[in-house]
Every structure is written in C-alpha cells, then in structure tokens.
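Number of protein chains: 2
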Amino acid sequence: MDPTVVGTRQSRRDDVLDAAIEVFHDKGYAAASIQDVAERVGVLKGSLYYYIDSKEDLLSHVFDTSDEQSRAIMEGVTEMDAPALEKLRSFVYEWSLWHLSNLERASVYFREWRHLDGRQQGAVRRKRREYEGFLIDLLEATKAEGQAAAGLDPRYVCFFTLSALNGLPSWYRDQGGDSAEYIAGAYAEMVVGMVRGTAAASRGRVRG
Amino acid sequence: MDPTVVGTRQSRRDDVLDAAIEVFHDKGYAAASIQDVAERVGVLKGSLYYYIDSKEDLLSHVFDTSDEQSRAIMEGVTEMDAPALEKLRSFVYEWSLWHLSNLERASVYFREWRHLDGRQQGAVRRKRREYEGFLIDLLEATKAEGQAAAGLDPRYVCFFTLSALNGLPSWYRDQGGDSAEYIAGAYAEMVVGMVRGTAAASRGRVRG
DNA sequence: CACGTTACCAGACAATCGTTTGGTAGATAA
DNA sequence: TTATCTACCAAACGATTGTCTGGTAACGTG
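Going line by line, the protein sequences match chains S and Z. By our numbering, the letter at position 109 of the first sequence is numbered 1019, and the numbering carries on one by one without gaps. By our numbering, the letter at position 187 of the second sequence is numbered 1097, and the numbering carries on one by one without gaps.
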C-alpha cells in the first residue's frame, strides 16, 4: 500500500469513490474506464469489484451524497428569519460556495446524469425541480414584499441563475485570484441586483 | 434511399453531420457510437467512412460551423452605433437566440470539447477567451459611460452571464411556452438589470 | 457500348471495454 | 494450530468499439 496515493485516514472504499469523481470529472463518465479509476487508486481494475458492484454504481454514489448536502442548504435558508430578498441572497451565496468547494463533484453532478439508469434519472430530475421550485418561491416572495422589479419572470430568473451557478466549476481555478467566499458573495450580489433592477426594462415588451 | 430519413434538399454529407449532432446531443460523444449515427442516416456504419475520416472528424465539424456563426454575432454588435449598454443588450439577445435556435449544436459545443485533440482544444479555448474578452470590454465600456454599478466586477459578470446562456439548451423545450425571441429578450433585460442594479450592494465587502 | 465515379454493403480487424473467476498472502480469531 | 476473513492479483470472458478492405450495383459521360 502506498500512503501517498491513499488519502489521509478514510476508508479504502471512500478512496475509490473520490478517485472515481476525479476521473469522471477529467474524462467524462463514458470516456473514463474502470482501469483509469483503478490506476488512480493503485490496484488492478478487477480488484475494484471488491468494493463496488458496477461502474454505474460509482457514478450513482456521486449523486446520493450531493443530494444530502443540497438539502441541508435549502433547509438552512428556509429556517432563516429574514426578508425574502435576504433569503435569496443567502441561498445563492451558499449554493455558489458549495459549487466552488466541490468542483469535481458539482460538475459531474450536472453533466453526467444521463448515464444513470431510468430510476435514478427520475430522482435527479425530481431533485432539480425541487431546486427550481424553491428558488421560484423565493423570487415570488421577494416580489410580494415589493423588493423585486415588476416585470420580472421568476421562472426565467430561476433558470438563468441556476445555470450561472452550474457553470462555476468550468471556469474557476483554485489557486490565485479571489477566494471562494468572495466570489460567492459577488454572485449573490449580482442576483440581488438583477432581481431589484429589471423594473423599467420590461416596459413595452410583448409576450411571444 | 428513404426520403423520410434524408433531409429536404441538402447534400448527403450534411445529413451525416446533422445526424451526428443529434446523436452526440442525446448520448454524449463518448457514449455515442458510429453505429448510432449510421442508423439515423440509414446506412451501415462502415459506409460512413465514405463521408468522414474519423469519429472525431464528425465532432470537430460541429465546432467549425459554430465558430463562424458566433463571429458574425460579435461583428454585428461591434458595428452598432449605440451606447455600450445597448450593445450589451443586443449581444446577450443575439447570443441567447443563437443558443435557442441551435439547441443541439450549442449543447454539444460547450459539453464535448474535451474529446477533441490538443490542437482543436486550443482553438476552442482561444475562441472562448474571445467571447469573454468581448463581453468584458462591453461591460467596461458600460462602466465608463456611467451606466453600470460601481462595485461591479466585469470578469464575474462575464462568467455569470455566459454560463447562464450556455445553460439555455438544458432546460428550454421547443413546443409551447414563450417564443425564443421573448426568452432572449427576457435574458437580455436580466443582464441589463444586473449591470445597472448592483450599485449599492457591494458596499462594505472586502476582497478576499 | 465502355469507363470512371458515386454511394454504398458485407465482413473482417485488433483493441478496448466492464465484468467474472479462481486463487492467495497476510492478518485476525478460536 | 487451524479456520476465517480481508484485500487484493492474474487471467480470462464475451461484447462492443472504430476502422479498413474488397466488392458491386447504379449512373453519368464519351
């Protein structure tokens, strides 16, 4: 066993799972081979089947643990005692920070869900609609409290925002530049500014 | 030859290229097989090599034609005689509309560039930096003309916006709902609102 | 009619893939 | 000591992959 390859002090199975996330992030799930994962762990590919059932098994685990963490963020925001606009700011901040703190996991999460089987794909779609519903509710509450522009369409603001956050892992590089907290703050401010600032703009537009 | 499979009146080679885009969009480049493409065209897989040199050849053609169209959009905006904020609105509108009018092509473009060889990957990265530079310049011009919020960081606004547009193909469904033009307009207004509206928000923040 | 070109098909190729099997050195437990 | 369990290795498996080869029916051109 090589302690430089094996992580600090987690179980061997977690090492395998972490290696899989990195490999799937680098090559994409379909192009990545079980052999790639095994090499990163430091065993032969057949040996991986001592820890896993299948290649898809590796992928689906990425989604399970991600779902737990996102649920915690939404619950935290729900329990806040603050105006809707502040809840919105907080949600965007926390969700941005999660993307920045889990770059590989986040990018695998929203890029590779097609390769799950039908049952799990349904679960992912349901989860995504949960984010969307949560954010749309937040935006509508902001409107109801008179803090949002009148012509604002919560559905499109929602898609716009979530897509922007999903893109974080594709350009953010860890070393140098601003901290993850600063960037998450900037993202939160941008969304808040967008929600407050669209007012006059939608004058005279015809719904197509 | 089956006229229901073959397109209206373009060359057979274009049929192959179009089929490839659809298959790559549905399954992802790595998971899609040459056989899948051949089936959609209506020939055996070996026959495709009469039209193409390799599988990667199919992919790289997606990028070539996309680059031409995006260049046209940027040139059109550059030639506008209007305030920077209006140029910005126009750029976001046109670029959104392109994504909505080329759903499969757009999603393949920004998801599958990893599977190109090193030379073409470099070209893609250069092109992407071209968008970013173009948009950042536009944002800085808007600031210089006093139309943008003071605390606004053009780099992050740029990443935020481009990621949001890249996400369009992942949620937009063609039938029903608002027209592509309406959505592109809404996206343009959101960006304009965000640029104008971030002013007071960044008070008291410390760069990390 | 002869001839070259177009647009394929049929079949094979080596390589790679995910997965299974049987085995085994070393640690632990009885 | 013997038996059991853990954590692998070595080797093979059938299937699928991208690609190549040789052939050929249909067709336009001289």
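Cβ atoms here follow ideal geometry from the backbone N, Cα and C, with glycine treated the same way. Because the structure is a prediction, the values reported are computed rather than measured.
message: With a threshold of 7 angstroms between beta carbons, is R1106(S) in contact with chain Z?
response: It does: the Cβ of R1106(S) has a partner Cβ on chain Z nearer than 7 angstroms.
- request: Run down chain S in chain order and give the residues with a C-beta less than 7 angstroms from the C-beta of F1129(Z).
  value: The first residue shown for chain Z is 911 and the last is 1118, placing residue 1129(Z) beyond what the model contains.
- request: Please name the residue in E1040(Z), K955(Z), V951(Z), A1016(Z) whose C-alpha comes closest to that of R981(Z).
  value: E1040(Z)
Within-7 angstroms CB hit, E1063(Z) to chain S: Before going further, note that residue 1063(Z) is Asp rather than Glu in the sequence given. For D1063(Z), the answer is yes, since a Cβ of chain S falls inside 7 angstroms of its Cβ.
message: Taking the alpha helix (DSSP H) that L968(S) belongs to, which residues open and close that run?
response: Per DSSP, L968(S) is one residue of the alpha helix (DSSP H) stretching across 965-988.
task: Compare the beta carbon distance of V1002(Z) and V1101(Z) with 7 angstroms and say whether it is the shorter of the two.
output: yes
Within 7 angstroms, strictly: CB atoms of S1017(S) and H935(S): yes
task: Using alpha carbons as the reference points, say which of T975(Z), L998(Z), P993(Z), H971(Z) lies closest to M984(Z).
output: For M984(Z), the closest alpha carbon among the candidates T975(Z), L998(Z), P993(Z), H971(Z) is that of L998(Z).
Cut-off 8 angstroms between Cβ atoms - residues of its own chain near M990(Z), not counting five sequence neighbours on either side: E996, K997, S1000
- request: Anything in the stretch 1013-1030 of chain Z with a Cβ closer than 9 angstroms to a Cβ of chain S? List those residues in chain order, please.
  value: F1020, R1021, E1022, R1024, H1025
- prompt: Using a Cβ-Cβ distance under 7 angstroms, would Y1066(S) count as near chain Z?
  reply: Judged by the 7 angstroms Cβ criterion, Y1066(S) is in contact with chain Z.
field: Check whether Q941(Z) and V933(Z) have beta carbons under 7 angstroms apart
entry: The sequence given here has Ala at residue 941(Z), not Gln. Contact flag unset, no.
- prompt: Which of helix, strand or coil does DSSP assign to L993(S)?
  reply: Note on identity: in this sequence residue 993(S) is Pro, with Leu being the wrong assignment. P993(S): coil per DSSP, three-state reduction.
field: Nearest neighbour of G1028(S), chosen from S1080(S), V1067(S), S970(S) [CA to CA]
entry: S970(S)
Backbone secondary structure at A1096(Z) - three-state DSSP: Here A1096(Z) sits in helix by DSSP.
task: Run through the stretch 1053-1090 of chain Z for me and flag every whole alpha helix (DSSP H) of 4 or more residues, listed as ranges in chain order.
output: 1064-1076, 1078-1081
- request: Would you decide whether A1054(S) is buried or exposed? Buried here means 16 or more other CB atoms lie within 10 Å of its CB.
  value: exposed
- prompt: Would you report the Cα separation of V926(S) and A1096(S), rounded to the nearest angstrom?
  reply: 35 angstroms
task: Output the boundary residues of the alpha helix (DSSP H) element that contains V951(S).
output: 944-951
Span of the alpha helix (DSSP H), counted from its first residue to its last, around D924(S): 922-937
Among N1076(S), G1043(S), D928(S), nearest to P1064(S) - alpha-carbon criterion: G1043(S)
query: Can you list, in chain order, the residues of its chain whose CB lies under 6 angstroms from that of Q945(Z), leaving out five sequence neighbours each side?
result: K955
- request: With DSSP as the reference, label A1033(S) as helix, strand or coil.
  value: helix
query: Which residue comes first and which comes last in the alpha helix (DSSP H) that contains E1014(Z)?
result: 1013-1021
query: Any beta-carbon of chain S closer than 7 angstroms to the one on A940(Z)?
result: yes
- prompt: T1052(Z): buried (16+ other C-beta within 10 angstroms of its C-beta) or exposed?
  reply: buried
- request: Flag this pair as touching only if the stretch 1084-1093 of chain S and the stretch 1019-1033 of chain S have three or more C-beta atom pairs under 8 angstroms; answer yes or no.
  value: no
query: What residues of chain Z sit near W1008(S), judged by a beta carbon separation below 8 angstroms?
result: Under the 8 angstroms cutoff, chain Z gives no residues; its nearest Cβ is about 16 angstroms from W1008(S).
query: Using CA coordinates, which residue listed in L1048(Z), A1098(Z), G1056(Z) is at the minimum distance from W1005(Z)?
result: Nearest C-alpha to W1005(Z): A1098(Z).
- prompt: Can you find a C-beta in chain Z that's less than 7 angstroms from the C-beta of W906(S)?
  reply: No answer is possible for residue 906(S): the residues shown for chain S start at 911 and end at 1118.
task: State yes or no: is the beta carbon of G1077(S) nearer than 7 angstroms to at least one beta carbon in chain Z?
output: yes
Residues that I1093(S) contacts on chain Z, provided the C-beta gap is smaller than 7 angstroms: Y1066
- prompt: Buried or exposed: which applies to P993(S), given that a residue is buried once 16 or more other Cβ atoms fall within 10 Å of its Cβ?
  reply: exposed
- prompt: Quick one: what's got a C-beta closer than 6 angstroms to V947(S)'s C-beta in the same chain, skipping five residues either side?
  reply: Only A929, A930, V933 meet the Cβ criterion.
message: Less than 7 angstroms between the beta carbons of K1037(Z) and D977(Z), yes or no?
response: Yes. Within cutoff.
query: By how many angstroms is the C-alpha of H1009(S) removed from the C-alpha of R950(Z)?
result: Taking the straight line joining both Cα atoms gives about 37 angstroms.
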